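S.K.: Encoded as structure tokens, here's the structure I'll be asking about.
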Amino acid sequence: MRIVLIGFMGSGKTTVAKLLAKKLRLKTIDMDDLALKKSGRKSINEIFEKDGEQKFRKIEYEVAKDISNEDKVVISTGGGVVMDKSTMNYLTKNSSVVYLKTGFDKIKKQVMLKKIRPPLFKSIVSAKKLLQAREPLYENFANIVITTDNKSVRSIVKEIIYGRK
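Residue numbers (the working numbering): 628 to 792.
Laid out in structure tokens, this is it:
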């Protein structure tokens, strides 16, 4: 069993992945953490600032390839993972792909709570445009779409578990 969580920054992928993995007794893989280790940088922002987005997407591809044979795992991805079809080919193989569809107001609230904002959240307007551009990609790659607005992490996890059956 492989479950891959996709969605925009601030949609709760990492938080949901941890609880989902615990409930299903699976391992959790955070692609951003692995990309960070592979890059040797201190933060995702540093990768973007010093190496650029293209380099980050290349690292993300390598991580997806490295974990492509992992089983019994819940994988949380970076928000832009859907931008590279080759990366998604590795992630979708033998996987249930769950799109955590989150309204922009909730995303904005979640991102503003973070001390360090994601590198592509430069302004409210640009982030909203980015979400609108990515939404069709998230929906295209997903087997399951879960709307997360006004739901607890526990109820989202239950929906994923029961939606898979």
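Ideal Cβ placement from N, Cα and C applies to all residues, glycine included.
Because the structure is a prediction, the values reported are computed rather than measured.
(1) Would you grab the beta carbon distance between I686 and K712 for me? Rounded to a whole angstrom, and I think it's under 8 Å.
(2) For the beta strand (DSSP E) containing R684, name the first residue and the last one.
(3) With the cut-off set at 9 Å, would you say V690 and L661 are in Cβ contact?
(4) Hey, G637 and V701: beta-carbon distance below 9 Å or not?
(5) Taking 9 Å as the cut-off, decide whether the C-beta atoms of T774 and T729 are in contact.
(6) Rounded to a whole number of angstroms, what is the C-alpha to C-alpha distance between K733 and D776?
(7) With 16 other CB atoms within 10 Å as the buried threshold, where does K756 fall?
(8) Just checking, does the segment 669-676 make contact with the segment 712-726 on the three C-beta pairs under 8 Å criterion?
(9) Quick check: the Cα distance between Q759 and V708, rounded to an integer number of angstroms?
(10) Apart from the five residues just before and just after L764, which ones in its own chain have a Cβ nearer than 8 Å to its Cβ?
(11) Short of 7 Å in beta carbon distance, which residues of its chain neighbour T642, apart from the five on each side in sequence? Order them along the chain.
M.R.: Walking through what the data contain:
(1) In fact, because the Cβ distance is near 17 Å, the residues do not count as touching under 8 Å.
(2) For R684, there is no enclosing beta strand (DSSP E); the enclosing alpha helix (DSSP H) covers residues 680-693.
(3) Their beta carbons are under 9 Å apart, which means V690 touches L661 by this criterion.
(4) Not closer than 9 Å, so no.
(5) Yes, they are a contact pair.
(6) Distance from the CA atom of K733 to the CA atom of D776, rounded to whole angstroms, is 7 Å.
(7) In summary, K756 is exposed, with fewer than 16 beta-carbon neighbours lying within 10 Å of its beta-carbon over all protein chains present.
(8) When Cβ pairs closer than 8 Å are counted between the two stretches, the segment 669-676 is seen not to touch the segment 712-726, the count staying below three.
(9) Those two C-alpha atoms are separated by around 15 Å.
(10) Here the set comprises V709, M710.
(11) So the list reads V780, once near-sequence residues are dropped.
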